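One structure is given below, encoded as structure tokens.
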Amino acid sequence: MSHLVFTDSYINGEFYKTDKRFSVDDPATEKSIVEVSDIDEQGVNNAIDAAKGAFVKLKATNATSRSATLMRWYELVIEHKQALAELMTKEQGKPLKESLGEVEYGAGFIKWFAEQAKRSYGDVIPPTDDQHRLTSFKQPIGVVAGITPWNFPIAMVTRKVAPAYAAGCSFVLKPSEHTPLCALALAYLADQAGFEKGAFNVLVSENAKMVGELLTESDLVRKFTFTGSTAVGKQLLSQCASTIKRTSMELGGNAPFIIFDNADLDEAVTGLMGAKFRNAGQTCVAANRIFVQRSVLDKVVKKLNEKVDSLKVAHGFEEDSDIGPLIYAKAKQKVQELLMDAKQKGAIQINAVKELGGNFQAPVILTGVTPEMDIYHQEVFGPVVSIIAFDEEAEVIALANDVPYGLAAYFYSQDIKQIYRVSEALEYGMVGINEGLISNPVAPFGGVKQSGLGREGGHQGLDEYLEEKYVCMKI
Ligand code: SIN
Numbered sequence: 469m470s471h472l473v474f475t476d477s478y479i480n481g482e483f484y485k486t487d488k489r490f491s492v493d494d495p496a497t498e499k500s501i502v503e504v505s506d507i508d509e510q511g512v513n514n515a516i517d518a519a520k521g522a523f524v525k526l527k528a529t530n531a532t533s534r535s536a537t538l539m540r541w542y543e544l545v546i547e548h549k550q551a552l553a554e555l556m557t558k559e560q561g562k563p564l565k566e567s568l569g570e571v572e573y574g575a576g577f578i579k580w581f582a583e584q585a586k587r588s589y590g591d592v593i594p595p596t597d598d599q600h601r602l603t604s605f606k607q608p609i610g611v612v613a614g615i616t617p618w619n620f621p622i623a624m625v626t627r628k629v630a631p632a633y634a635a636g637c638s639f640v641l642k643p644s645e646h647t648p649l650c651a652l653a654l655a656y657l658a659d660q661a662g663f664e665k666g667a668f669n670v671l672v673s674e675n676a677k678m679v680g681e682l683l684t685e686s687d688l689v690r691k692f693t694f695t696g697s698t699a700v701g702k703q704l705l706s707q708c709a710s711t712i713k714r715t716s717m718e719l720g721g722n723a724p725f726i727i728f729d730n731a732d733l734d735e736a737v738t739g740l741m742g743a744k745f746r747n748a749g750q751t752c753v754a755a756n757r758i759f760v761q762r763s764v765l766d767k768v769v770k771k772l773n774e775k776v777d778s779l780k781v782a783h784g785f786e787e788d789s790d791i792g793p794l795i796y797a798k799a800k801q802k803v804q805e806l807l808m809d810a811k812q813k814g815a816i817q818i819n820a821v822k823e824l825g826g827n828f829q830a831p832v833i834l835t836g837v838t839p840e841m842d843i844y845h846q847e848v849f850g851p852v853v854s855i856i857a858f859d860e861e862a863e864v865i866a867l868a869n870d871v872p873y874g875l876a877a878y879f880y881s882q883d884i885k886q887i888y889r890v891s892e893a894l895e896y897g898m899v900g901i902n903e904g905l906i907s908n909p910v911a912p913f914g915g916v917k918q919s920g921l922g923r924e925g926g927h928q929g930l931d932e933y934l935e936e937k938y939v940c941m942k943i
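End of the sequence shown sits at 943 in this note's numbering; the numbers just go up one at a time, nothing left out.
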């Protein structure tokens, strides 16, 4: 196995072993890849203390040197791209070509924030009288703690840790227990790049409750950042209230994908394939409800069916695999239950029904989906295209917005007036117009309503780790 496989938590620049161990499994074979040690309470507290110590050192560094360290981290991640991608396919299951893409995407956040580190400008405020000079400048928040999910084991880590380090903050990370290996490899490479000891600690644990409580309730942790479900995000937010922490929450979505009758239908279907089947549909920004204007419904379904038919569902290491396994058995069971409920309530599966073994789920196209079905309201997190026909623009906007979520939305149209109207009317943090893949380190990623708080990436991503200090001087 790769030289980048580590099996213990990483605290203050050293691996921290415990006797309690658990298995990290390959979702494709459901066999163990490796056993890792499960952190204890002492380890979590050690990591917070180490991060506190590192913050004192980081506060004394300047932005140019942190930028150079981040740039070395970026170069090391790119140098080890193949090994990291293979590790990702092993523990997460996604096809190797997608893993290679994610390493590039994840490294992109490190590079972007290496550049942005040098740009945390303050303000000179025009004074209101002759006796005062007013300024404001930005300082790092302090110790940051974060919890990241299994669907993007590298990119979700780098888009939190890189801006935190750029700002001058230290970090305690708990990656998903399903994908700790990529996070440990990233921490090792950060260490090689010259991160100060304790600047980036990784806690491996199956006991998310214990780790989450210690991190959210610690007074030493000044900022908490989470990517995951809305239900867990609400719980963590309430725990953060006891110490009034700054928080960033990147939570669930229920993305509408709207195809208007004037759209380029070939492009719309290609865009839908990307927005739906990336990572087997296991993304927060996945197209979840596909609204197609009734006059082009048959054409869209036919084109889609042809493309879906050519998708290869296979182990991520198999050549030409387009869709890997779902992350674990419960995830597949949830998709199957949603399908059963939708079909019982009248949805029709357009493509052939294929039962695959293990955690593999064949892609499904459903038409006739309605708001009475669970699949309309829940994030599917699987390769299912749920199609809903609509007649009018106003009707589809009302349907698109009528959910508690507001992360990503997509629409295809060639009418410029409609493009302005619809992009303004959609209550979402991100909108793809004639594009199904919108994630980019240089742009602000995040949601409104119950999809979260704050933005990651873009110049906004750095501000999430900075406090603004106003200085009023009498002269
Ligand atoms: C997510 O699913 O949470 C992130 C997806 C992305 O960065 O594109």
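All C-beta atoms, glycine included, are put in the ideal place defined by N, C-alpha and C.
Remember, it's a predicted structure, so these values are computed and weren't measured experimentally.
Relative to the ligand SIN, the beta carbon of Phe745 is positioned no closer than 8 angstroms to any heavy atom.
Distance from the Cα of Ala630 is smallest, within the candidate group Ala810, Lys549, Cys650, Lys579, for Lys579. In summary, Asp591 is exposed, with fewer than 16 beta-carbon neighbours lying within 10 Å of its beta-carbon over all protein chains present. In the DSSP annotation of this structure, the continuous segment of the alpha helix (DSSP H) that includes Gln584 starts and ends at 564-584. Using a Cβ distance threshold of 9 angstroms, Val916 and Gly897 count as a contacting pair.
The Cβ-Cβ distance between Arg762 and Val837 does not fall below 9 angstroms. For the set Val737, Thr751, Gln707, Lys677, the Cα lying nearest the Cα of Thr695 is the one of Thr751. Only residues of its own chain outside the window of five on either side were considered, and among them Pro563, Lys780, Ala782 have a CB closer than 6 angstroms to the CB of Ser789, listed in chain order. Nearest C-alpha to Gly826 among Asp809, Gln804, Gln703, Met808: Gln804. Within the DSSP bridge table, the entry for Thr603 names Val592, Val939 as partners. Assignment of alpha helix (DSSP H) within the stretch 812-893, counting only whole runs of 4 or more residues, yields 842-845, 861-869, 884-893 in chain order. For Tyr633, the enclosing alpha helix (DSSP H) begins and ends at 623-635. Ranked by Cα distance from Met624, the first of Ile501, Thr693, Glu895 is Thr693.
Selection Leu824, Thr603, Lys665, Ala810 evaluated against Glu840 yields Ala810 as nearest (Cα-Cα).
The three-state secondary structure of Phe745, taken from DSSP, is helix. Contact annotation: Leu704 and Thr684 have beta-carbon atoms nearer than 9 angstroms.
Looking only at His471, Val848, Ile501, Glu509, the smallest Cα-Cα distance to Gly721 is reached by Val848. Under the three-state reduction of DSSP, Arg923 is assigned to coil, being neither helix nor strand. Following the DSSP letters along the chain, one finds Gln761 inside the beta strand (DSSP E) bounded by residues 755-761. Collapsing the DSSP output to three states places Ser907 in coil. Bounds of the alpha helix (DSSP H) holding Thr698 are 698-709. In the structure shown, Ser533 falls within a helical segment according to DSSP collapsed to helix, strand and coil. Excluding five sequence positions before and after Tyr573, the CB atoms of its chain that fall closer than 6 angstroms to its own CB belong to Ala623, given in chain order. In the same chain as Glu664, and ignoring 5 residues on each side of it, the C-beta atoms closer than 7 angstroms to its own belong to Ala522, Lys525, Leu526, in chain order.
When distances are taken from the beta-carbon of Val753 to the heavy atoms of the ligand SIN, the shortest one is below 8 angstroms.
Taking all protein chains in view, the Cβ of His548 is crowded by 16 or more other Cβ atoms within 10 Å, so the residue is classified as buried. If the five residues before and after Lys813 are omitted, its C-beta is found closer than 6 angstroms to the C-beta atoms of Glu840, Met841, all from its own chain and listed in chain order.
A straight line joining the alpha-carbon of Asp508 with that of Ser644 spans about 16 angstroms. Scanning its chain for C-beta atoms nearer than 6 angstroms, with the 5 sequence neighbours on each side dropped, one finds around Asn869 the residues Glu895, in chain order. For Glu718, the enclosing beta strand (DSSP E) begins and ends at 714-718.
Asp494 counts as buried, since at least 16 other C-beta atoms from the protein chains shown sit within 10 angstroms of its C-beta. Taking a C-beta distance under 9 angstroms as the contact criterion, Gly914 and Gln584 do not qualify as a contact pair.
Here DSSP, grouped into helix, strand and coil, assigns Ala658 to helix. Excluding residues up to 5 positions away in sequence, Tyr478, Phe668, Val670 lie with their Cβ nearer than 7 angstroms to the Cβ of Ala655 in the same chain.
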